[in-house]
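Residue numbers (this note's numbering): 5 to 183. The next block holds one structure in the form of structure tokens; read it before the comments.
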């Protein structure tokens, strides 16, 4: 049998390349950019020294269990004031911020959106403009909220940010006055 006499072809194994494990400093939070490339809100708050990394870590842990938004959890934990958070979000999203402690929603704007829809999205109509209906919202990037508000009002929605507690307070007054 002459096949046994043939020397087998020796193939060199590929060189073993040591790839260093990705070493991130232990203090940095997990970085997750939004789909649009903007940093996550929690990271932004740490960068601006408005919350600590440990506060963010605690909120992230609770978020995985609760499914709540990170900002709402940080407010619940007392890590940041709701108004301060809203200011950061407004700058982050490049949207104006409404001061509902000074600004009173117009009755004709309130009449355009049923209270149930306003409450469902924690959103309150402020005024009609030549461009549409200005609405103070907690989640101005929620496409379903925008679509439902547009459908209810028949107008394009111009979202502005406001703290949830301010929106709820304004809803109580506005919808009670309308009744």
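The beta carbon of each residue, even a glycine, is placed where N, CA and C say it ideally should be.
Please report the Cβ distance between residue i and residue j, rounded to the nearest whole angstrom; I am assuming they are in contact, meaning their Cβ atoms lie under 8 Å.
i           : j           : result
residue 50  : residue 102 : No, residue 50 and residue 102 are not in contact; Cβ-Cβ is about 26 Å, not under 8 Å.
residue 128 : residue 171 : 5 Å
residue 112 : residue 133 : Not confirmed; about 12 Å, so no contact.
residue 142 : residue 168 : 5 Å
residue 107 : residue 130 : 7 Å
Can you tell me whether residue i is buried or exposed, with buried defined as 16 or more other CB within 10 angstroms of its CB?
i           : result
residue 109 : buried
residue 89  : buried
residue 147 : exposed
residue 47  : buried
residue 115 : exposed
residue 52  : exposed
residue 95  : exposed
residue 174 : buried
residue 69  : exposed
Suppose you measure from the CA of residue i to the CA of residue j; what does that come to, to the nearest Å?
i           : j           : result
residue 181 : residue 136 : 23 Å
residue 159 : residue 150 : 10 Å
residue 157 : residue 117 : 6 Å
residue 105 : residue 92  : 18 Å
residue 74  : residue 126 : 17 Å
residue 267 : residue 145 : This structure leaves residue 267 out entirely; the chain is present only between 5 and 183.
residue 120 : residue 177 : 15 Å
residue 179 : residue 166 : 18 Å
residue 45  : residue 98  : 13 Å
residue 154 : residue 122 : 12 Å
residue 64  : residue 79  : 13 Å
residue 100 : residue 87  : 13 Å
Count the CB pairs spanning the stretch 73-85 and the stretch 52-62 that are closer than 8 Å, and state whether there are at least three. yes
3 or more residues per run - each beta strand (DSSP E) lying fully within the stretch 68-141: 127-133, 136-141
Pick out the complete alpha helix (DSSP H) segments inside the stretch 141-175, 4 residues or longer, and give them in chain order. 147-157
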